[in-house]
Amino acid sequence: MMVQMLGVFAEFERATIIDRVISGMERKAARGEWTAGSPPYGYVVDPATKCFVVDEATAALVPVVFDLYVTKHIGARSIAAWLNDRGHRTRAGRPFSHMAVLTILRNRAYVGEIYFRGSYHAASHPTLVDPEVFSQAQELLVARGEDYSKRASNSSDYLLSGFIVCASCGKHFVGTAAKGNKYRYRYYTCFSRQRYGVDTCKAERLPADELDDAILAALLDLYESSDIFDKAA
Numbered sequence: 063m064m065v066q067m068l069g070v071f072a073e074f075e076r077a078t079i080i081d082r083v084i085s086g087m088e089r090k091a092a093r094g095e096w097t098a099g100s101p102p103y104g105y106v107v108d109p110a111t112k113c114f115v116v117d118e119a120t121a122a123l124v125p126v127v128f129d130l131y132v133t134k135h136i137g138a139r140s141i142a143a144w145l146n147d148r149g150h151r152t153r154a155g156r157p158f159s160h161m162a163v164l165t166i167l168r169n170r171a172y173v174g175e176i177y178f179r180g181s182y183h184a185a186s187h188p189t190l191v192d193p194e195v196f197s198q199a200q201e202l203l204v205a206r207g208e209d210y211s212k213r214a215s216n217s218s219d220y221l222l223s224g225f226i227v228c229a230s231c232g233k234h235f236v237g238t239a240a241k242g243n244k245y246r247y248r249y250y251t252c253f254s255r256q257r258y259g260v261d262t263c264k265a266e267r268l269p270a271d272e273l274d275d276a277i278l279a280a281l282l283d284l285y286e287s288s289d290i291f292d293k294a295a
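Under the working numbering, the first residue of the sequence shown is numbered 63, with each subsequent residue one higher.
As structure tokens, then:
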């Protein structure tokens, strides 16, 4: 009984600490200070004020990304390839992917806001993008259907996605598609090639329809072997 009572008090104390930490972080975000995690590309955190300051080494690239997307109407994948061709890398030193570009395009920190637990708070750090340009980018993201959160519940027609391993780099193949003049072509493509381009992995794309048919035929042949389970046992 005493051990159970001590456990109840310990659980209560843990919940109290969590509430106090979250409340403190909310007050911190309301003051325009960064709460946790890696700062957005183009910013670093000032240790004294805990606010964003401009990272001179990367900040100039952020308006360029928005200009390419909004003004020149270049897609996220093409922007990533454009950045990689010119030797630019992410903060972690990796090649840019279309997801890294989309993360930049969606981040409201570039118009002077801080996000925490579903709310945006006004901050005092310098802005890197004009609010009108940022608003145009968000409209374009919706128009192009590049909000992946709206696709999360959609079932995939690539049944082998994640099961095929690339012999060159060891990453898994994912489902991709290309649209021709008349038809839409489905492929399985190495994750490294899809995200970072052919310079990272030169594995060929696999025709999805042919591969699905081949795997299905192999499974049917396997299940028609009535003695396969006896041999395995």
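Just so it is clear, CB atoms sit at the ideal spot from N, CA and C, and this is done for glycine as well.
Closest by C-alpha distance to Phe235, out of Asn243, Gln256, Tyr247, Arg246, is Gln256. About 12 Å separates the beta carbons of Ile141 and Val124, which is beyond the 8 Å limit, so they are not a contact pair. By the Cβ-count criterion, Glu272 is exposed, with fewer than 16 other Cβ atoms from all chains shown falling within 10 Å of its own Cβ. Annotated three-state conformation of Tyr182 is strand, per DSSP. Between Ala143 and Gly237, the alpha-carbon positions lie close to 20 Å from each other.
In the three-state DSSP reduction, Ile176 falls in the strand class (E or B). The segment 195 to 203 makes no contact with the segment 245 to 255; the number of CB pairs closer than 8 Å stays below 3. No Cβ-Cβ contact shorter than 9 Å links His150 with Ala92. Comparing alpha carbon positions, the residue from Ala122, Ala121, Ser100 closest to Lys112 is Ser100.
Taking a 10 Å sphere around the C-beta of His187, we find 16 or more other C-beta atoms and assign the residue as buried. By the beta-carbon neighbour count (other beta carbons within 10 angstroms, threshold 16), Pro102 is buried. Note that the C-beta distance between Gly104 and Leu190 is below 9 Å. Just measuring C-alpha positions, the residue of Leu268, Val260, Gly224, Ile226 sitting nearest Ala239 is Leu268. Using a Cβ distance threshold of 9 Å, Leu202 and Val107 do not count as a contacting pair.
In terms of Cβ geometry, Arg156 and Tyr258 form a close pair [threshold 9 Å]. In the DSSP annotation of this structure, Ala229 is not part of any alpha helix (DSSP H), being labelled neither H nor E.
An exposed status is given to Leu221, since fewer than 16 other beta-carbon atoms sit within 10 Å of its beta-carbon.
Between the alpha carbons of Gly242 and Ala294 lies a gap of roughly 46 Å. Here Ile290 is exposed: its Cβ has fewer than 16 other Cβ atoms, across all protein chains shown, within 10 Å.
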